[in-house]
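Residue numbers (the working numbering): 5 to 419.
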Ligand code: NAD
């Protein structure tokens with residue numbers, strides 16, 4: 005399959021929404037360009053004494069609605085185009101769930117698996133120093149992304165705090181609890197996915213009690229989605245990981261499957277289940293299908309054969325554009341990634357608020373505040389999909405661009 009250029013893809017999605025909104029050409033062009041991109045050169049002392057130079061980026065797409073927000077990824081394939089696209093998607097993601105942030109994204113071209121802990125820390129700290137002039141609680145608030153964790157977030161917070169002579173946890177989110185992180189962050193994405201499925205079920209008249217759910221990918225997003233959807237009364241009948249897929253039409257106990265995976269390294273072999281192919285898993289008759297692993301899993305071939313009522317995208321980009329059209333024609337409700345997996349950014353927002361107010365909420369308080377944002381984002385997206393007769397993905401973009409536009413119109417253009 006040819007790799008979809010993320011930046012061209014992001015521009016196309018914006019153009020589609022602009023058409024529906026009849027967006028002014030100048031405003032469209034303004035939104036089609038990040039506000040600022042910083043390219044930094046990072047000299048790092050390696051363990052063998054050499055100095056190696058890494059290239060890092062921070063793209064700030066838009067801040068009409070609030071400070072920039074978005075992760076930092078460490079990967080050999082990081083490109084400026086990818087970082088730009090991801091920063092634009094963050095603008096829309098924050099707007100959909102109505103958290104007062106704009107979009108940003110950062111990355112360093114590196115192979116994190118080939119760096120020692122010390123090399124990684126020195127690279128992280130140098131990057132934090134290099135971007136320190138453009139980040140800050142009111143300017144740009146980064147977070148973890150691919151191959152970065154709470155550890156790197158705490159190191160970035162530390163550099164920023166030392167440089168400013170005061171401890172400033174609100175400069176970054178996704179921190180360990182001991183350094184100002186929020187409760188419920190670990191479950192955020194899966195819980196958000198479950199809230200979206202619950203709302204989707206209400207719209208199409210699906211009773212979640214006993215509803216059959218299939219989950220592809222049993223990692224952070226997949227396991228917590230399974231746990232919470234099961235608590236809502238649904239039955240998990242199929243799951244998978246990188247080693248294979250399993251099915252049991254009578255139901256699988258999500259917690260016991262996780263215990264089995266932890267003990268044996270895979271869900272495959274779980275007692276009472278049958279091993280099946282990826283295609284069989286994805287096309288098995290069910291009510292809800294949750295891709296929670298990789299991109300481009302729902303191809304046109306799979307889309308033609310899926311037998312679910314709701315497809316909730318926990319993963320980023322699991323459905324190809326051609327498959328989207330097929331699913332729309334089949335009247336399957338696709339809850340797009342930008343909405344379905346927005347639990348993480350909602351809790352990032354709540355972490356930032358807790359940091360700013362120096363007062364911390366309980367798990368339930370955080371979860372219920374997140375629920376409010378996701379449910380509203382879901383309902384507003386659904387209403388626009390009905391109004392314009394488009395799928396939920398296009399509707400979510402119309403909602404997002406419309407909200408950014410409202411902020412622009414309220415603030416005006418200066419000078
Ligand atoms: P993870 O690494 O914790 O889990 C990924 C799971 O997918 C693992 O169980 C792995 O075995 C499985 N997997 C890998 N290849 C597979 C294959 N070919 N078939 C079936 N399963 C396969 O990752 P995660 O954090 O759960 O992220 C999963 C997806 O959700 C990604 O697309 C990610 O971008 C997206 N996402 C996650 C979060 C989050 O907070 N965790 C937030 C937003 C989006």
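From the three backbone atoms N, C-alpha and C, an ideal C-beta is built for every residue, glycine too.
Around the C-beta of residue 153, are 16 or more other C-beta atoms found within 10 angstroms, so that it is buried, or is it exposed? The count along the chain shown starts at 1 and reaches residue 153 at position 149. The residue is exposed, with fewer than 16 neighbouring Cβ atoms inside 10 Å.
Touch test, the region 58-74 against the region 35-50, Cβ-Cβ under 8 Å, three pairs minimum: yes
Would you be able to state if there are at least three C-beta pairs under 8 Å between the region 214-234 and the region 372-387? These segments do not touch.
Ordered along the chain, which non-local residues of its own chain (more than five positions away) have a Cβ less than 8 Å from that of residue 193? Taking the chain shown and counting its residues from 1, one reaches residue 193 at position 189. So the qualifying residues of the chain are 224, 225, 228, 229, 318, 345, 347 and 348.
Alpha-carbon spacing of residue 116 relative to residue 14, whole angstroms: As a first step, residue 116 is located in the chain shown; it is residue number 112 there, counting from the start. As a first step, residue 14 is located in the chain shown; it is residue number 10 there, counting from the start. Going from the Cα of residue 116 to the Cα of residue 14 covers about 27 Å.
Could you check which residue in 358, 363, 383 and 362 has the C-alpha nearest to that of residue 339? To locate residue 339, count along the chain shown from 1; it is residue 335. Of the candidates 358, 363, 383 and 362, the one whose C-alpha sits nearest the C-alpha of residue 339 is 383.
Own chain residues within Cβ distance below 8 Å of residue 136, not counting five before or after: Looking up residue 136 in the chain shown gives position 132. Excluding positions up to five away in sequence, the list reads 163, 164 and 167.
Along the chain, where does the beta strand (DSSP E) that runs through residue 259 open and close? Position 255 of the chain shown, counted from the start, is the residue given in the question as residue 259. Residue 259 -> not in any beta strand (DSSP E); alpha helix (DSSP H) instead, spanning 258-268.
In this structure, does DSSP put residue 361 in helix, strand or coil? Along the chain shown, read from residue 1 onward, the residue named residue 361 stands at position 357. Of the three classes helix, strand and coil, the one that applies to residue 361 here is helix, per DSSP.
Cβ-based neighbour list, residue 256, same chain, cut-off 6 Å, excluding 5 preceding and 5 following: The count along the chain shown starts at 1 and reaches residue 256 at position 252. Leaving aside the five residues that flank residue 256 on each side, the residues in its chain whose CB is nearer than 6 Å to its CB run, in chain order, 240.
Just curious, the beta strand (DSSP E) that residue 337 is in, first and last residue? Residue 337 sits at position 333 when you count from the first residue of the chain shown. That run of the beta strand (DSSP E) goes 337-339.
Excluding five sequence neighbours on each side, which residues of the same chain lie with their C-beta closer than 8 Å to the C-beta of residue 288? As a working mapping, residue 288 is identified with position 284 in the chain shown. Cβ neighbours of residue 288 beyond the five flanking positions: 218, 241, 242, 251, 280 and 311.
May I have the straight-line CA-CA distance separating residue 286 from residue 249, to the nearest angstrom? Counting from 1 along the chain shown, the entry for residue 286 is found at position 282. Counting from 1 along the chain shown, the entry for residue 249 is found at position 245. Rounded to the nearest angstrom, the two C-alpha atoms are 9 Å apart.
Going by the CB atoms, is the gap between residue 53 and residue 87 shorter than 8 Å? Taking the chain shown and counting its residues from 1, the one referred to as residue 87 is at position 83. Taking the chain shown and counting its residues from 1, the one referred to as residue 53 is at position 49. No, Cβ-Cβ distance for residue 87 and residue 53 is not below 8 Å.
Around the C-beta of residue 182, are 16 or more other C-beta atoms found within 10 angstroms, so that it is buried, or is it exposed? Residue 182 sits at position 178 when you count from the first residue of the chain shown. So residue 182 ends up on the exposed side.
Helix, strand or coil for residue 57 per DSSP? Residue numbering aside, residue 57 sits at position 53 when the chain shown is read from its first letter. It is a strand residue.
Residue ranges of each alpha helix (DSSP H) run of no fewer than 4 residues wholly in the region 185-242, ordered along the chain? 192-208 and 224-235
Can the beta-carbon of residue 18 be found less than 8 Å from the beta-carbon of residue 405? The residue labelled residue 18 in the question sits at position 14 within the chain shown. The residue labelled residue 405 in the question sits at position 401 within the chain shown. Their beta carbons are under 8 Å apart, which means residue 18 touches residue 405 by this criterion.
Consult DSSP for residue 246 and reduce its assignment to one of helix, strand or coil. Taking the chain shown and counting its residues from 1, one reaches residue 246 at position 242. If DSSP states are grouped into helix, strand and coil, residue 246 belongs with coil.
List in chain order: all unbroken beta strand (DSSP E) runs of 3+ residues lying wholly within the region 301-329. The region 301-329 contains these whole beta strand (DSSP E) runs: 314-316.
Element boundaries [alpha helix (DSSP H), containing residue 89]: To locate residue 89, count along the chain shown from 1; it is residue 85. Counting along the chain, the alpha helix (DSSP H) containing residue 89 begins and ends at 84-100.
Give me the residue from 261, 125 and 85 with the minimum Cα distance to residue 36. What you label residue 36 is simply residue 32 of the chain shown in a count that begins at 1. It is 85 whose Cα lies nearest to the Cα of residue 36.
Roughly how many angstroms lie between the CA atoms of residue 95 and residue 160, to the nearest whole one? In the chain shown, the residue the question calls residue 95 occupies position 91. In the chain shown, the residue the question calls residue 160 occupies position 156. Going by the C-alpha atoms only, they are around 22 Å apart.
Look up residue 39 in the DSSP assignment and say whether it is helix, strand or coil. The sequence position of residue 39 within the chain shown is 35, counting from 1. Correct three-state label for residue 39: coil.
Per DSSP, cross-strand counterpart(s) of residue 17: For the purposes of this step, residue 17 is identified with residue 13 of the chain shown, where counting begins at 1. DSSP output for residue 17 lists no bridge partner at all.
Which residue from 139, 209, 299 and 418 puts its Cα closest to that of residue 292? Reading the chain shown from its first residue, position 288 is the one you call residue 292. Taking only the C-alpha atoms, the option nearest residue 292 is 209.
For the candidate residues 72, 270 and 207, whose alpha-carbon lies nearest to that of residue 99? One-based indexing of the chain shown puts residue 99 at position 95. Answer by Cα proximity: 72.
Going by DSSP, what residue range makes up the beta strand (DSSP E) through residue 293? Reading the chain shown from its first residue, position 289 is the one you call residue 293. First-last of the beta strand (DSSP E) with residue 293: 292-295.
Nearest-angstrom Cα separation, counted from residue 186 out to residue 276: Against the chain shown, residue 276 aligns to sequence position 272. Against the chain shown, residue 186 aligns to sequence position 182. If you take the alpha carbons of residue 276 and residue 186, they lie about 38 Å apart.
Which of the three DSSP states, helix, strand or coil, is assigned to residue 73? Working through the chain shown from its first residue, we reach residue 73 at position 69. Strand at residue 73.
Exposed or buried, what is residue 392 when buried is set at 16 or more other beta-carbons lying within 10 Å of its beta-carbon? Within the chain shown, residue 392 is the residue found at index 388, counting from 1. Per the 10 Å Cβ criterion, exposed.
Could you tell me which of 124, 55, 381 and 66 sits nearest to residue 40, measuring between CA atoms? Stepping through the chain shown from its first residue, residue 40 is reached at position 36. Cα-wise, what sits closest to residue 40 is 66.
Between the beta-carbon of residue 202 and the beta-carbon of residue 151, is there less than 8 Å? Your numbering for residue 202 matches position 198 in the chain shown. Your numbering for residue 151 matches position 147 in the chain shown. The Cβ atoms of residue 202 and residue 151 do not sit closer than 8 Å to each other.
Candidates 314, 290 and 327: which alpha carbon is nearest residue 300's? As a working note, residue 300 is residue 296 in the chain shown. Taking only the C-alpha atoms, the option nearest residue 300 is 327.
Using C-beta distances below 7 Å, list every residue in its chain close to residue 149, excluding the 5 sequence neighbours before and after it, in chain order. Reading the chain shown from its first residue, position 145 is the one you call residue 149. Same-chain partners within the cutoff: 75, 76 and 77.
Compute the Euclidean distance between the alpha carbons of residue 253 and residue 263, then round it to the nearest angstrom. Locating residue 253 in the chain shown gives position 249, where the first residue counts as 1. Locating residue 263 in the chain shown gives position 259, where the first residue counts as 1. Spanning the two alpha carbons is a distance of roughly 20 Å.
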